[in-house]
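Novice: Attaching a single structure in structure tokens format; questions to follow.
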């Protein structure tokens with residue numbers, strides 16, 4: 004039986020970008036809280052903390068021990084799934100850049 008408060012689920016291909024974002028956030032294993040808070044305040048705080056951490060890592064040759072305070076803030080304001088994604092993407096982007104530099 005479907006939940007009367009939730010509209011029926013559309014196929015992903017028919018969803019708008021906003022609907023897909025909302026759907027993804029609700030499916031995040033560590034999601035808790037109001038959707039509006041996650042989409043505005045939390046996302047903004049997370050991105051800001053990510054940018055500060057990555058700036059520190061860039062300045063300190065990726066030595067995480069020199070950026071512990073930034074990492075703590077990043078870990079506390081971002082959903083775990085978001086933090087994992089950002090760290091993996093940073094590593095993948097760095098590897099891609101190094102590979103491209105070696106092949107030129």
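In the working numbering, the protein residues as written are 4 to 107.
Think of the CB as a built atom: it goes at the ideal place given N, C-alpha and C, for glycine as much as any other residue.
Using the C-alpha atoms, what's the distance from residue 86 back to residue 46?
Specialist: Translated into the one-based positions of the chain shown, residue 46 becomes position 43. Translated into the one-based positions of the chain shown, residue 86 becomes position 83. Going from the Cα of residue 46 to the Cα of residue 86 covers about 11 Å.
Novice: Where does residue 65 sit, in a helix, a strand or coil, going by DSSP?
Specialist: For the purposes of this step, residue 65 is identified with residue 62 of the chain shown, where counting begins at 1. Note: residue 65 maps to coil in three-state DSSP.
Novice: Taking just the CA atoms, how far does residue 102 sit from residue 90?
Specialist: If you number the chain shown from 1, residue 90 lands on position 87. If you number the chain shown from 1, residue 102 lands on position 99. Near 18 Å, if we compare the C-alpha coordinates of residue 102 and residue 90.
Novice: Please classify residue 52 as buried or exposed, where buried requires at least 16 other C-beta atoms within 10 Å of its C-beta.
Specialist: On the chain shown, residue 52 is found 49 positions in, with the first residue counted as 1. Label assigned to residue 52: buried.
Novice: Cα separation between residue 56 and residue 48?
Specialist: Residue mapping note: residue 56 aligns to position 53 of the chain shown, counting from 1. Residue mapping note: residue 48 aligns to position 45 of the chain shown, counting from 1. Rounded to whole angstroms, residue 56 to residue 48 spans 12 Å at the Cα level.
Novice: Going by beta-carbon coordinates alone, are residue 77 and residue 59 separated by less than 7 Å?
Specialist: Counted from its first residue, the chain shown places residue 77 at position 74. Counted from its first residue, the chain shown places residue 59 at position 56. Result no, Cβ atoms of residue 77 and residue 59 do not sit closer than 7 Å.
Novice: Excluding the 5 residues preceding and the 5 following residue 27 in the sequence, name in chain order all residues of the same chain whose CB lies nearer than 6 Å to its CB.
Specialist: Locating residue 27 in the chain shown gives position 24, counting from the first residue. There are no such residues.
Novice: Along the chain, where does the alpha helix (DSSP H) that runs through residue 101 open and close?
Specialist: For the purposes of this step, residue 101 is taken as the residue at position 98 of the chain shown. Where residue 101 is concerned, the enclosing alpha helix (DSSP H) stretches over 83 to 106.
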